[in-house]
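Step one of this worksheet: look at the structure below.
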Amino acid sequence: MLRRILVALACLSLSVVGAAVAQPAEQPSQRVRDLLGRMTLDEKIGQLNQVPGGRQRALNSRLDAAALDRVRRGEIGSFLHVAGAAQIRELQRVAVVESRLGVPLLFGMDVVHGYKTMFPVPLALAASWDPALVEQTARVAAVEATAAGLNWTFSPMVDIARDPRWGRVVEGAGEDPYLGSILTTAQVRGYQGSSLADTTSILATAKHFVGYGAAVGGRDYDSADITDRTLHEVYLPPFHAAVQAGAGSMMTAFNDIAGVPLTAHPALVRGLLRGEWNYDGLIVSDWNAIPELLNHGVAATPREAGAAALRGGVDMDMAGNLYSAELKGAIEADPALLPMLDEAVIAVLTAKERLGLFDTPYGRADPAREAAAMLTPEHRALAREAARRSIVLLKNDGDLLPIVASARRIAVIGALAEDANSSLGSWRAQGKVEDVRPLIPALREALPQATITYAQGYRPEAAQAIAVTASGEGAQAVHEVSDAEALAAAVEAARASDLVLLVVGEHFDRSGEARSYTDIGLSAAQDALAAAVLDTGKPVVVILMNGRPLAIPELAERAPAILETWFLGVESGPAIADVLTGRVSPGGRLPISFPRANGAAPLTYAHLPTGRPAAEDLVRDTARYRDQPITPLFAFGHGLSYARFQYSDLLLSQTEVAADGQIEVGVTVRNTSAIPADEVVQLYVRDPVAAVSRPVQELRGFRRVALVPGQAKRVRFTLTPAQLAYWDGTVDGGRWRIQAGDIQVMVGASSADIRERTTFTITSDGVSAIPATAIPTQSAEEPRP
231 MLRRILVALA
241 CLSLSVVGAA
251 VAQPAEQPSQ
261 RVRDLLGRMT
271 LDEKIGQLNQ
281 VPGGRQRALN
291 SRLDAAALDR
301 VRRGEIGSFL
311 HVAGAAQIRE
321 LQRVAVVESR
331 LGVPLLFGMD
341 VVHGYKTMFP
351 VPLALAASWD
361 PALVEQTARV
371 AAVEATAAGL
381 NWTFSPMVDI
391 ARDPRWGRVV
401 EGAGEDPYLG
411 SILTTAQVRG
421 YQGSSLADTT
431 SILATAKHFV
441 GYGAAVGGRD
451 YDSADITDRT
461 LHEVYLPPFH
471 AAVQAGAGSM
481 MTAFNDIAGV
491 PLTAHPALVR
501 GLLRGEWNYD
511 GLIVSDWNAI
521 PELLNHGVAA
531 TPREAGAAAL
541 RGGVDMDMAG
551 NLYSAELKGA
561 IEADPALLPM
571 LDEAVIAVLT
581 AKERLGLFDT
591 PYGRADPARE
601 AAAMLTPEHR
611 ALAREAARRS
621 IVLLKNDGDL
631 LPIVASARRI
641 AVIGALAEDA
651 NSSLGSWRAQ
661 GKVEDVRPLI
671 PALREALPQA
681 TITYAQGYRP
691 EAAQAIAVTA
701 SGEGAQAVHE
711 VSDAEALAAA
721 VEAARASDLV
731 LLVVGEHFDR
741 SGEARSYTDI
751 GLSAAQDALA
761 AAVLDTGKPV
771 VVILMNGRPL
781 AIPELAERAP
791 AILETWFLGV
801 ESGPAIADVL
811 TGRVSPGGRL
821 PISFPRANGA
831 APLTYAHLPT
841 GRPAAEDLVR
851 DTARYRDQPI
861 TPLFAFGHGL
871 SYARFQYSDL
881 LLSQTEVAAD
891 GQIEVGVTVR
901 NTSAIPADEV
911 VQLYVRDPVA
921 AVSRPVQELR
931 GFRRVALVPG
941 QAKRVRFTLT
951 PAQLAYWDGT
961 VDGGRWRIQA
971 GDIQVMVGAS
981 SADIRERTTF
991 TITSDGVSAI
1001 PATAIPTQSA
1011 EEPRP
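Following the working numbering, the numbering of the sequence shown begins with 231 at its first residue and continues without gaps.
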C-alpha cells in the first residue's frame, strides 16, 4: 500500500485516459463576423443587455413604448419574463424590421419544471432516478415554452446541494455529483432536442456556475468555502456534463469562492470553462449580479464592476443595466476591453444563429401552435407518470400501505391536502392553480367504496381558515377558526376513521430562492397536529409535501407509514392516489439524505472516513454528534416498495483492469413478491487506500428496473478506472489521477442497504482529462430464469 501512495505522489508511469475531452470551440460564422464588423460600439453593448419585460408573476408588465424604442436603437439583446406568441412576435418584428441591423431578440424565462404543464419540482424528478423520464419532461416543457414564443430557459439548475437549509435545494438534483451529472445531461437533451434550430427546441442554461449550492450555513447568496478538490470532484462535474451535452448557455453564480465572485472570476470562467473545457456557448450573469460586485467589495464603482464582469467572461448582463450604462466608458478608458466585448457579442450572436433566429425569427411565435400545445392530454399523462415515479415510500411498518379494502372510513387531515397552489412549486412559469388535480377529489375517485372526510387541522400558511355560518336573511357571520378549534376537529375526524392520511410538510413558498431556514422541521402547529392524531391510536399514513429534506425524527419514529410526495405538479392528486391505493408501487429513491435534526446539516453519504470514524459507542471519541445516532434519518438512495427484491450473484468480468481498460459488474435482481414493481439498482464504489482520503461510498451507476412477480433480471454496469480517479491539484495546474490498487464494489437498494460486495484491482496508474463523476456508466438488463 505504501508503494502505491509513493508511486502516485511521484507521478511515475502514467498512462493518459480520455485526453480528448472536448472538441475545439467552433469559429464564428461568416454571418456573425459580418454583423460584428458592421456594429457600432453602442450596438455591440446592446447585444449584451438583457432587460426584464416583466416579473415572474407579472409577465409583460414592463413593456412600454420606451422599451420598444430601445429595441429599435439596438440597445437590447434579450428580454426575460416576456411570454405569449402574439406579444413576442411583435417584439421580434420590431427588432428584425425596425432596428438598423435587424438582429433578432432572445426571450428567456425560468422554465424550470414545466411551462403550462407543471411536472414535479426538480428535486422530486431526481427522486425518480429515471433519466429518460427527466428528458421527456424537459422536452414537453420546451414544446410548450417555444409555442409561447420563448427561445431560452434558465434551467437546469445543476448545483449540488448537501445542506437542506438552503431553499434552492428544491431546484436541483440533490447531493450527489454522479446522479446530478446524469440528470443534467438528460435535461439539456430534452430542452434542446436534436437541433437547436428546431422551433420546438429551447436554449438550455446550466446554472449556477459554480458552488452556489455550497453556500455557508445554507444561506442563499452567501460565500462558498470550498477546497480545490471538492470543487473539482463535487461541484464542477455536472457543469462538465452540461458542456458535453451541448448546453447552449451557462449562468454564473451569485456567490464568491475564496473571496472571488463568480460574476468576475476569470480563472474559472475564462480559464477552466472557456479554456480547458472549450466551451463556446453564451454566459449570462444572474439577476442584477453585476451591480452586486460593489457589495462584494471587489469593485469601487459601477464602471469597475462592469469591466470586472467582462474580464471575468460574462457575456450578458441579466437585469442589471450596468453593461448598458457603463461599458462604453470602461472601454474608452481601457481599450484592452474591446476584444473581450467582441468575444461576448460573438457568443450572443452565435446563440441566436444556432437557434435559427436569423432565418426564422418568428418560428417560435405562432399563436395557433400556442393554442394547441398547452396542457394536452398527452402532456397531462406524462405529468401523472412523472409524479408517480417521483414518490418515495420512506416507511411502511406492517405493510399499512397500500390502503386495504377494509378501510371504509378515511380521514384526510392537514391543510396541505387541499393546497393546490403548493403542488405547483415555487417556479411555475405559466402553471395555474386551476390546472392542478388535487388529492381529495382524486382519492374519492380512486376509492368510491370509502367515505372520505377532510379536516384542516391547523390554519394554513397561505391563508387563514374561515368558517361561515348562515345568520339572518342571507347574512353571514364570519368566524376565524383557531388552531385549537381546527385541531379538535381533526382529532374527532381521526377517531371516527379506520385510517388517517396525515398531510404535512411545507407551503411551497418556504422553499426556493431566498428561502433559507435554520429550522427545517414541521411548524409548531403541524407538530401539535401530528402528535394529537398519532395519540388517537388510529393507523396513520403520513404524506409529506415539501421542497427539501425535513428533520422529522419524532414523526419518523411514531408514524407507521410515511410517503414523500414533494410538490408533484398538475397531476399531484391522482399520482398520490395511484400509489396509496396500490395501483402503482412506489419506486422513487431519495436523491438527498434526510437529517435527524436541524443541527445535523449539512451531511452527505459520501463523506470521508476521518481518523476516528463515527461509532455508535459513546465511550469512544469519534466523529459524531453525541445527542444523535450516527446515521441520517433516511439515507441517500433510500426508498421502499410494496414488493420485495432479492440480490444475488454479483460477478465481475475480470478481477484486474489496467488504467485504460474497463470492467463489467453484473448482479441478478429478483422480485420475490406477488406485486409488479420497480427496483432502483444502485452501484457504489470505494477506494479504501489512496494518496488522499477517499469517501466511504460514491455512486457510480444506477438503473431503474421493472420486475413482474417472480421475475429476475441480470443488471450489468460497465465501469472504467477513470471513474475512480481523484483530483490532484498539485501537478501542472491539476489533473485527474488514476491509482493502481484495490477498489471495493457495492451493489444494493440504497447507500445504507448494500446487498452484495466484491473487489477488483486497477493494475496501473494513469491520468484522465474528465471529471470522474461526469463519466456516465453504461448499464443494461436482460431477463433471467
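Glycine included, each C-beta is placed from N, C-alpha and C at the ideal position. Fair warning: this is a prediction, and the values are worked out from it, not measured in the lab.
Residue environment: GLU583 is assigned as buried (16 or more neighbouring CB atoms within 10 Å of its CB, all protein chains considered). Residue state for ILE275 is assigned as helix, using DSSP reduced to three classes.
Going by beta carbons, SER741 and VAL326 fall outside the 8 Å limit. Closest in C-alpha terms to PRO394, from the list GLU784, GLY940, VAL922, GLU743, comes GLU743. As the crow flies, the alpha-carbon of ASP739 is around 12 Å from that of MET775. DSSP places THR376 in the helix class (H, G or I) of the three-state scheme. Listed in chain order, the beta strand (DSSP E) elements of length 3 or more contained wholly in the segment 941-1007 are 942-949, 956-958, 965-968, 971-980, 983-992, 996-998. If the five residues before and after GLY803 are omitted, its C-beta is found closer than 6 Å to the C-beta atoms of ARG667, PRO668, LEU669, ALA672, all from its own chain and listed in chain order. Beta-bridge pairing by DSSP links ILE893 to LEU949.
DSSP places ILE576 in the uninterrupted alpha helix (DSSP H) bounded by 568-584. In the displayed model, PRO468 falls within a helix according to three-state DSSP. VAL514 is positioned such that its CB atom lies closer than 8 Å to that of GLN280.
Relative to ARG778, the option among LEU492, ALA760, LEU717, SER656 whose CA is nearest is SER656. Per DSSP, the beta-bridge partners of GLU794 are VAL622, LEU774.
Assigned with DSSP and collapsed to three states, LEU298 falls in helix. Closest by C-alpha distance to VAL945, out of GLU405, ASP879, VAL642, is ASP879.
In terms of Cα proximity to LEU278, the closest of LEU426, LEU336, ALA598 is LEU336.
A Cβ-Cβ separation of about 13 Å leaves PRO496 out of contact with LEU523 under the 8 Å criterion. TYR421 carries a helical assignment under DSSP once its states are collapsed to helix, strand and coil. Going by beta carbons, VAL733 and ILE643 fall inside the 8 Å limit. Pairwise C-beta distances place the segment 989-1001 out of contact with the segment 897-910, as fewer than three of them are shorter than 8 Å. A Cβ-Cβ contact shorter than 8 Å links LEU623 with PRO816.
Going by C-alpha positions, GLU365 is about 12 Å away from PHE349.
Counting other Cβ atoms within 10 Å of its Cβ, SER329 reaches 16 or more and is therefore classed as buried. A residue is called buried when at least 16 other Cβ atoms come within 10 angstroms of its Cβ; LEU461 meets this threshold and is buried. As a beta-bridge residue in DSSP terms, ALA445 pairs with ALA454.
In the three-state scheme derived from DSSP, where H, G and I count as helix and E and B as strand, GLU846 is classed as coil. In its chain, beyond the 5 residues on either side, ILE643, ALA720, VAL721, ALA724, VAL730, LEU732, VAL770 have a beta carbon closer than 7 Å to the beta carbon of VAL763. DSSP places ASP879 in the uninterrupted beta strand (DSSP E) bounded by 875-882.
Contact annotation, PHE864 with SER923: C-beta distance approximately 26 Å; criterion of less than 8 Å not satisfied. The three-state secondary structure of ASP547, taken from DSSP, is strand.
Taking a contact as a CB-CB distance under 8 Å, the pair LEU310 and GLY338 counts as one, their CB atoms being some 4 Å apart.
Distance from the Cα of GLU320 is smallest, within the candidate group SER903, GLY593, MET480, for GLY593. Each residue's CA atom was taken as its position, placing ALA581 and PRO521 some 24 Å apart. The C-beta separation of GLY536 from TYR553 comes to about 6 Å, placing the pair in contact by the 8 Å criterion. The three-state secondary structure of ASN518, taken from DSSP, is coil.
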